[in-house]
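Protein chains: 2
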Amino acid sequence: MTRLAGSAISRATTALLDTDLHLAENVIASDEQIDALRRELDEHTVDLLARQQPVATDLRMVVTAMKMGSDLERMGDLARHVAEVARLRYPDCAIHPVMRTTIQQMGQVAERIVAKAGSVIAGRDIETARALEVDDDEMDRLHRDIFNMLVDGKWQYGTEAAVDATLVGRYYERYADHAVSVARGLVYLVTGEFRAPARPDSEEA
Amino acid sequence: MTRLAGSAISRATTALLDTDLHLAENVIASDEQIDALRRELDEHTVDLLARQQPVATDLRMVVTAMKMGSDLERMGDLARHVAEVARLRYPDCAIHPVMRTTIQQMGQVAERIVAKAGSVIAGRDIETARALEVDDDEMDRLHRDIFNMLVDGKWQYGTEAAVDATLVGRYYERYADHAVSVARGLVYLVTGEFRAPARPDSEEA
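Going down the list, the protein sequences come from chains R and G. At the far end of the first sequence sits residue 205, using this note's numbering, and the numbering has no gaps. At the far end of the second sequence sits residue 205, using this note's numbering, and the numbering has no gaps.
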């Protein structure tokens, strides 16, 4: 699921910035794969709980996996939403040139953060889980940059471009939040240490 | 949790439309109550799974309750985000007068839909669960109205107001989606009938 969610956001960013309708359609269609994996995971979880009746650490692991599945499915949805914006504005590019670098960086941070989430799960890797929070801070910073560009009173590229940038910015930011939530689930599993779920920066509102 | 999420969105709408900073702060602070209930629910769920080792319908019920908790917590977050927009623009009103009626209607639909979600849970009420989907369609329609007002080329009230309307519209629409997800969880529990999770209308992008 982390690989599919990573591939989806990477392709969605390309579709958006290169105005590639075919690629956008492809991202939209392939979201169903992540949804199907999530359903499988849920069924497998309920099956495990019923048959094996796990307790203690095993039980926590099963419950955490189910929550991670929910976050990863949502990351797939958010990548799909980015692709939907690309499709909606085709043959125009939804992203105005002045925003291009920032959106490109958001795409790069999203790819980095989901790759780390995959390593965290595969290696039960607490250090990477903590490093991933730094990427999330970077994402929040980029998200604020977008807002500042839109509301500093100098925006002159039309309301449609502003609406698109607002939504796309939020999709990337939420994508990163869900990756943080996946990583924190693993930290909780390994250390028992609880941290509040990732929250979008209040400044974004 | 449905009562708290309902009270939060109702107060957030009032705070937003009446430019009431005190009420906005109040909504923001009280979100912690819903978060705490969700943590309690999760702990109670894990405890139940460990001690009682439920199977069949009981197991499905426990797993569904945990998912409903996740949706309801998120609805609280979204109400908080609406209140954060009100606070950010205070003493100005974030919502331009031309949007006022539409946002007011979104608030009303949100209150209606969360009240129905509460009835669905309390009464295991399949009919109300289905009626709630009609409210969600109404919410999607209002959400489209907002987008149409913003991108029809006639918007002349500034970019900041457009950004705020974009975000607030999305918060209400997502709030309704999560309420639909709660109701569908109950339908699944009672009938075994699976429906894909609620999705934001692709037109919103």
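C-beta atoms are modelled at their ideal positions from N, C-alpha and C, and glycine is treated no differently. Predicted, not measured: the structure shown is a model, and the values here were computed from it.
Chain-ordered neighbours of residue i on chain G, where CB pairs are closer than 9 Å
| i | result |
| --- | --- |
| R:L49 | L49, Q53, P54, V55, L59, V62, V63 |
Range covered by the alpha helix (DSSP H) that runs through residue i
| i | result |
| --- | --- |
| G:A83 | 56-89 |
| R:H143 | 126-151 |
| R:T13 | 2-18 |
Neighbouring residues, chain R, relative to residue i (Cβ below 7 Å)
| i | result |
| --- | --- |
| G:S181 | Simply none; closest approach about 10 Å. |
| G:E160 | V151 |
| G:V98 | Chain R residues near G:V98: none, gap ~13 Å exceeds 7 Å. |
| G:V27 | Simply none; closest approach about 12 Å. |
| G:G187 | According to the sequence shown, residue 187 of chain G is Val rather than Gly. Chain R residues near G:V187: none, gap ~16 Å exceeds 7 Å. |
| G:V190 | By Cβ distance, chain R contributes nothing, its closest Cβ being about 16 Å from G:V190, past 7 Å. |
Simplified DSSP state of residue i, which is helix, strand or coil
| i | result |
| --- | --- |
| R:I28 | helix |
| G:M157 | A quick correction: the sequence has Tyr, not Met, at residue 157 of chain G. Residue state, collapsed to three classes: coil. |
| R:I103 | helix |
| R:A94 | coil |
| R:Q33 | helix |
| G:S202 | No answer about G:S202 holds up, because its pLDDT of 39 lies below 50 and its placement is not dependable. |
| R:T53 | This sequence places Gln at residue 53 of chain R; Thr is not what is there. Three-state DSSP puts R:Q53 in coil, outside helix and strand. |
| R:G169 | helix |
| G:G123 | helix |
| R:P197 | Because the pLDDT at R:P197 is just 49, under 50, the model does not fix this residue reliably, and the value given afterwards should be weighed accordingly. If DSSP states are grouped into helix, strand and coil, R:P197 belongs with coil. |
| R:G192 | coil |
is_contact[residue i, chain C] using C-beta, thresh 9 Å
| i | result |
| --- | --- |
| R:L41 | The structure shown contains no chain C; its protein chains are R and G. |
Exposure of residue i, with buried meaning 16 or more beta-carbon neighbours within 10 Å
| i | result |
| --- | --- |
| R:S202 | Reliability fails at R:S202, whose pLDDT of 39 lies under 50, so the model's placement of it is uncertain and no value is given. |
| G:T102 | buried |
| R:R74 | buried |
| R:A122 | exposed |
| R:R11 | buried |
| G:E127 | exposed |
| R:H178 | buried |
| G:V98 | exposed |
| G:A205 | In this prediction, G:A205 has a pLDDT of 34, which is less than 50 and means its spatial position is unreliable; what the coordinates show is noted afterwards. By the 10 Å Cβ count, G:A205 comes out buried. |
| R:D164 | buried |
| G:T57 | exposed |
| G:R174 | buried |
| G:K67 | buried |
Residue i: contacting residues in chain R (beta-carbon distance under 8 Å)
| i | result |
| --- | --- |
| G:S70 | K67, S70 |
Cross-chain neighbours of residue i in chain G, by beta carbon under 8 Å
| i | result |
| --- | --- |
| R:V109 | Going along chain G, no residue has its Cβ under 8 Å from R:V109, so there is no contact; the nearest lies around 21 Å. |
| R:V46 | L59, R60, V63 |
Presumed contact (8 Å Cβ cut-off) between residue i and residue j, rounded CB distance
| i | j | result |
| --- | --- | --- |
| R:A24 | R:A86 | 4 Å |
| G:V190 | G:R124 | 6 Å |
| R:T206 | G:L142 | Residue 206 of chain R lies beyond the stretch modelled for chain R, which goes from 1 to 205, so this question has no answer here. |
| G:L4 | G:G76 | 7 Å |
| G:L72 | G:M139 | Actually they do not touch by this definition, with Cβ atoms about 17 Å apart. |
| R:G107 | R:I9 | 7 Å |
| R:V120 | R:A183 | 5 Å |
Cβ-heavy atom distance, residue i to the ligand MG, below 8 Å
| i | result |
| --- | --- |
| G:E133 | With respect to small molecules bound, the structure shown includes none, and the ligand MG cannot be examined in it. |
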